[in-house]
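The structure appears right after this line, and notes come after that.
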Amino acid sequence: MVYRIAFVITLALGLFLLPAGTVSAQSHASMTMPDTSSLPPGIAKKVEPLLQQMMDKMNGMEGMSHPPAHMQHLQALINQLPPGILIQVLEAMLEFDMPAMMQFHQAIEEGLLSQPPGQILNFAQALAQ
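All the letters of the sequence shown, read from the start, carry residue numbers 1 to 129 under this note's numbering.
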């Protein structure tokens, strides 16, 4: 009898926790790489490796994670910048150290993306130096 109760409790907990774990895994997977489907195929082919390098770099930075805001910032760059400037901004971002990365994300929160694309590129390149 005790075994049946333990089994039922275990089964109930398993069924209860499984969907939560699935949702969490899906959320984490969606945060892993911004969506490039809005880009022309040739540009997406150039941008995706840069994004992967960016994700790898962020993973390698001590104390750096992928907060949803940072993923939203990358997605906003993809959605708003012309392809050539997007590629150059991502290349500059690969040169960022952690303080520069944090400063760039802070600038986005403060309205950097309302600036002309050339100014966004200049800002990113200045931080990369």
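Ideal Cβ positions, reconstructed from N, Cα and C, are used throughout, including at glycine.
Item: Simplified DSSP state of S114, which is helix, strand or coil; Value: helix
Item: Cβ neighbour criterion (16 or more within 10 Å) applied to A126; Value: exposed
Item: Three-way DSSP call (helix, strand, coil) for D56 in this model; Value: helix
Item: Buried versus exposed call for L86 [16 or more other C-beta atoms within 10 Å across all chains shown]; Value: buried
Item: Distance between F123 and D56 (C-alpha atoms, nearest Å); Value: 22 Å
Item: Range covered by the alpha helix (DSSP H) that runs through F96; Value: Run containing F96: none; DSSP gives neither H nor E here.
Item: Unbroken alpha helix (DSSP H) run spanning Q72, endpoints; Value: P68 to Q80
Item: Where M102 falls: helix, strand or coil (DSSP); Value: helix
Item: Cβ-based burial, A92 [other Cβ within 10 Å; buried from 16]; Value: buried
Item: Per-residue DSSP class, three states only, for L39; Value: coil
Item: Neighbour-count burial assignment, P68, 16 or more Cβ in a 10 Å radius; Value: exposed
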